[in-house]
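Peer 1: Throughout the sequence shown, residue numbering follows the numbering used here, covering 27 to 391 in sequence. Just so it is clear, CB atoms sit at the ideal spot from N, CA and C, and this is done for glycine as well. For clarity, every value in this text was computed on a predicted model and none was experimentally measured.
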Amino acid sequence: MTFTPLVALKSKKGELDALRHLPAIPATRPAILVELLDSVGVAEGGQLLPGLTRAAVDAAAHDKPLWIDAHLLSATSPLARQPGGPFEFLDKQIGNALHDELGLLALDVTALIPVIADSATDDELRTISLLRQHRPRDVVVRVRGVATPPAEVVDRLRRVVSRTGVEAGQLHAVLDLGFVETVQPTQVTRAARLIGTVLDAIGPSSTTLLAGSIPAGRNGFATTARHRPEVPLWHAVTEQTGGVVNYGDYGVVHPVPPKGGAPGPRTVNPYLYYTAPGSMVALRRQLAREDGKPVRGAAVEAFTALAEELLARPEFAGRNFSWGDHELTRCGRGGGRTAGTVPRWIAIATSHHIGHVTRRAPSDL
Numbered sequence: 027m028t029f030t031p032l033v034a035l036k037s038k039k040g041e042l043d044a045l046r047h048l049p050a051i052p053a054t055r056p057a058i059l060v061e062l063l064d065s066v067g068v069a070e071g072g073q074l075l076p077g078l079t080r081a082a083v084d085a086a087a088h089d090k091p092l093w094i095d096a097h098l099l100s101a102t103s104p105l106a107r108q109p110g111g112p113f114e115f116l117d118k119q120i121g122n123a124l125h126d127e128l129g130l131l132a133l134d135v136t137a138l139i140p141v142i143a144d145s146a147t148d149d150e151l152r153t154i155s156l157l158r159q160h161r162p163r164d165v166v167v168r169v170r171g172v173a174t175p176p177a178e179v180v181d182r183l184r185r186v187v188s189r190t191g192v193e194a195g196q197l198h199a200v201l202d203l204g205f206v207e208t209v210q211p212t213q214v215t216r217a218a219r220l221i222g223t224v225l226d227a228i229g230p231s232s233t234t235l236l237a238g239s240i241p242a243g244r245n246g247f248a249t250t251a252r253h254r255p256e257v258p259l260w261h262a263v264t265e266q267t268g269g270v271v272n273y274g275d276y277g278v279v280h281p282v283p284p285k286g287g288a289p290g291p292r293t294v295n296p297y298l299y300y301t302a303p304g305s306m307v308a309l310r311r312q313l314a315r316e317d318g319k320p321v322r323g324a325a326v327e328a329f330t331a332l333a334e335e336l337l338a339r340p341e342f343a344g345r346n347f348s349w350g351d352h353e354l355t356r357c358g359r360g361g362g363r364t365a366g367t368v369p370r371w372i373a374i375a376t377s378h379h380i381g382h383v384t385r386r387a388p389s390d391l
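Next up, the structure:
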């Protein structure tokens with residue numbers, strides 16, 4: 027089996043910006059799953075839809091089309107309200123952009139790969155069937171948790187195959203365990219049993235175990251190195267399944283996106299999650315304030331200090347490891363770069379993380 031890691035991202039500016047700087051060689055790229063959020067608008071002047079389109083065009087042109095998941099969209103979101111739904115709208119949007127870039131060569135390029143739940147409704151399966159009639163493509167089925175009996179999951183997958191017309195060789199199964207804090211033997215056993223049953227009964231083209239351990243909140247300002255339990259969890263499952271399961275995680279963010287807060291800008295203390303073999307270095311700085319308000323330029327100054335600390339740590343992978351590592355190097359004093367916003371910090375950390383899961387050996391994740 028070819029090892030192809032999966033990184034699940036949100037359709038936010040920082041993560042989409044990181045996708046602009048992936049390696050040019052398709053074999054060195056992971057599978058990228060993008061979860062659509064309501065913040066992606068369709069009106070002119072927005073940033074997220076053009077950013078998503080650019081990332082999707084680049085991925086498709088390198089024969090690694092994005093896996094697009096719409097399950098987080100509310101019924102009133104701009105994408106959900108489009109005629110034909112988000113998949114049809116984005117397929118046309120990305121397809122048109124591909125044609126502008128590649129001309130007639132775009133006719134042979136798949137714009138996106140849809141991701142659906144194993145419990146997808148008849149209407150959702152009909153949408154996927156119509157999408158595949160327009161252009162044959164793979165389909166990703168996402169199974170959440172291990173509570174459903176394996177036999178029932180197999181029945182659900184067979185229903186997906188029957189209703190969409192997809193063949194087993196075009197089907198990808200993702201077992202999503204969500205947020206994990208520890209490796210629980212019971213969870214390992216149940217995940218391995220479920221995956222083994224699916225492999226025997228369906229034989230999908232690929233099977234991936236997806237989990238993440240980035241906490242939902244950030245507390246304190248001391249630099250810490252924490253274990254990434256999703257890595258030993260994956261190793262334990264692969265041992266029980268004969269090594270036929272790909273590794274997947276949520277990058278450098280919590281698996282569940284935060285609920286929308288009050289509109290307007292927020293003041294966030296600079297932070298960075300930096301992936302290392304088996305661990306994650308968490309760095310955070312407190313903004314300098316006067317009269318209770320952040321000093322002008324405080325975010326840039328604080329992130330510069332954070333970057334310099336990381337550059338001196340043994341976990342730093344080197345300036346040429348990824349675009350994000352190169353940017354980190356330049357964010358040090360005298361480097362000519364600044365980073366004073368959350369999307370910029372997320373882009374840098376996500377770029378390094380993608381480099382980590384693709385360049386490291388599976389035994390060194």
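Which of the three DSSP states, helix, strand or coil, is assigned to K319?
Peer 2: Strand, per DSSP.
Peer 1: Count the other C-beta atoms from every protein chain shown that fall within 10 angstroms of the C-beta of S239, then say buried if there are 16 or more, exposed otherwise.
Peer 2: Counting Cβ neighbours within 10 Å, S239 comes out buried, since at least 16 surround it.
Peer 1: In its own chain, which residues sit with a C-beta less than 6 Å from the C-beta of P289, not counting the 5 before and 5 after it?
Peer 2: Reliability fails at P289, whose pLDDT of 49 lies under 50, so the model's placement of it is uncertain and no value is given.
Peer 1: By Cβ distance, which residues of its chain are closer than 8 Å to V180, with the 5 residues on each side in sequence left out?
Peer 2: Result list for V180: T223, V224, A227 and I228, in chain order.
Peer 1: Taking its Cβ as the centre, do 16 or more other Cβ atoms sit within 10 Å of E207, making it buried, or is it exposed?
Peer 2: Exposed, since its Cβ has fewer than 16 Cβ neighbours within 10 Å.
Peer 1: Could you give the C-beta distance for P296 and W371, rounded to a whole number, given that I count them as a contact under 8 Å?
Peer 2: So it is a contact: roughly 7 Å between Cβ atoms.
Peer 1: Are A44 and A82 close, meaning C-beta to C-beta below 8 Å?
Peer 2: Not closer than 8 Å, so no.
Peer 1: Rounded to whole angstroms, what's the CA-CA distance from D144 to L183? Just pull it up for me.
Peer 2: Answer to the nearest angstrom: the Cα atoms are 6 Å apart.
Peer 1: State the DSSP-derived secondary structure class of A288, mapped to helix, strand or coil.
Peer 2: Bear in mind that a pLDDT of 48 at A288, under 50, signals an unreliable position, so the number given afterwards is only what the model happens to contain. Looking at A288 - three-state DSSP - the assignment turns out to be coil, as it is neither helix nor strand.
Peer 1: Going by DSSP, name the residue or residues bridged to N272.
Peer 2: T234, per the DSSP bridge assignment.
Peer 1: Give a yes or no on whether the C-beta atoms belonging to R244 and R170 are separated by under 8 Å.
Peer 2: The answer is no: Cβ separation not under 8 Å.
Peer 1: Roughly how many angstroms lie between the CA atoms of V166 and V279, to the nearest whole one?
Peer 2: V166 and V279: Cα-Cα distance of roughly 22 Å.
Peer 1: Within the continuous alpha helix (DSSP H) that includes S305, where are the two ends?
Peer 2: S305 -> not in any alpha helix (DSSP H); beta strand (DSSP E) instead, spanning S305 to R310.
Peer 1: Within this structure, are the beta carbons of T234 and G204 separated by less than 8 Å?
Peer 2: It is not a contact, given that the beta carbons lie outside the stated cut-off.
Peer 1: Starting from T249 and walking both ways along the beta strand (DSSP E), at which residues does that stretch end?
Peer 2: Run containing T249: none; DSSP gives neither H nor E here.
Peer 1: Using the Cβ count rule (16 or more neighbours within 10 Å means buried), how would you classify P241?
Peer 2: That one is exposed.
Peer 1: Are the beta-carbon atoms belonging to L336 and L391 less than 8 Å from one another?
Peer 2: Going by C-beta atoms, L336 is not nearer than 8 Å to L391.
Peer 1: Is the beta carbon of A308 closer than 8 Å to that of T367?
Peer 2: Going by C-beta atoms, T367 is not nearer than 8 Å to A308.
Peer 1: Taking all protein chains shown into account, decide if T376 is buried (16 or more other Cβ within 10 angstroms of its Cβ) or exposed.
Peer 2: Under this definition T376 is a buried residue.
Peer 1: Can you give me the Cβ contacts of E334 inside the same chain, cut-off strictly under 6 Å, excluding the 5 residues immediately before and after it?
Peer 2: If we look at E334 and ignore the five residues flanking it on each side, its Cβ neighbours are G358.
Peer 1: Less than 8 Å separating the beta-carbons of A34 and G361?
Peer 2: The answer is no: Cβ separation not under 8 Å.
Peer 1: Under 8 Å, with one C-beta from each stretch per pair, do the region 73–80 and the region 184–198 reach the 3-pair mark?
Peer 2: Judged by Cβ distances under 8 Å, the region 73–80 makes no contact with the region 184–198, as fewer than three pairs qualify.
Peer 1: Extract the residue ranges of the alpha helix (DSSP H) inside the region 53–110, only unbroken runs of 4 or more that lie entirely within it.
Peer 2: Listed in chain order, they are 74–87.
Peer 1: So what does H253 bridge to, in DSSP terms?
Peer 2: The partner list for H253 (beta bridge, DSSP) reads S305.
Peer 1: If you run the structure through DSSP and keep just helix, strand and coil, what is F115?
Peer 2: Helix.
Peer 1: Going by the CB atoms, is the gap between A262 and V214 shorter than 8 Å?
Peer 2: Cβ atoms of V214 and A262: closer than 8 Å.
Peer 1: Tell me, to the nearest whole angstrom, how far the beta carbon of F113 is from that of A96; I am working on the premise that it is less than 8 Å.
Peer 2: Indeed they touch by this definition, with Cβ atoms about 7 Å apart.
Peer 1: Within a Cβ cutoff of 7 Å, which residues of the same chain sit near R386, ignoring the five residues on either side of it in sequence?
Peer 2: Same-chain partners within the cutoff: P303.
Peer 1: Kindly give me the distance between the Cβ atoms of G350 and A373, rounded to whole angstroms, as I take these residues to be in contact under 8 Å.
Peer 2: Rounded, the Cβ-Cβ distance is 7 Å, consistent with contact.
Peer 1: Considering Cα atoms alone, identify which of F247, V141 and G381 is closest to E61.
Peer 2: Closest option to E61, Cα to Cα, is V141.
Peer 1: Given T364, which residues of its chain have a CB within under 6 Å of its CB, disregarding the five upstream and five downstream residues?
Peer 2: The residues are V326.
Peer 1: Thinking V200 and R168 are a contact (beta carbons under 8 Å), I'd like their distance in whole angstroms, please.
Peer 2: Right, their Cβ atoms sit about 5 Å apart.
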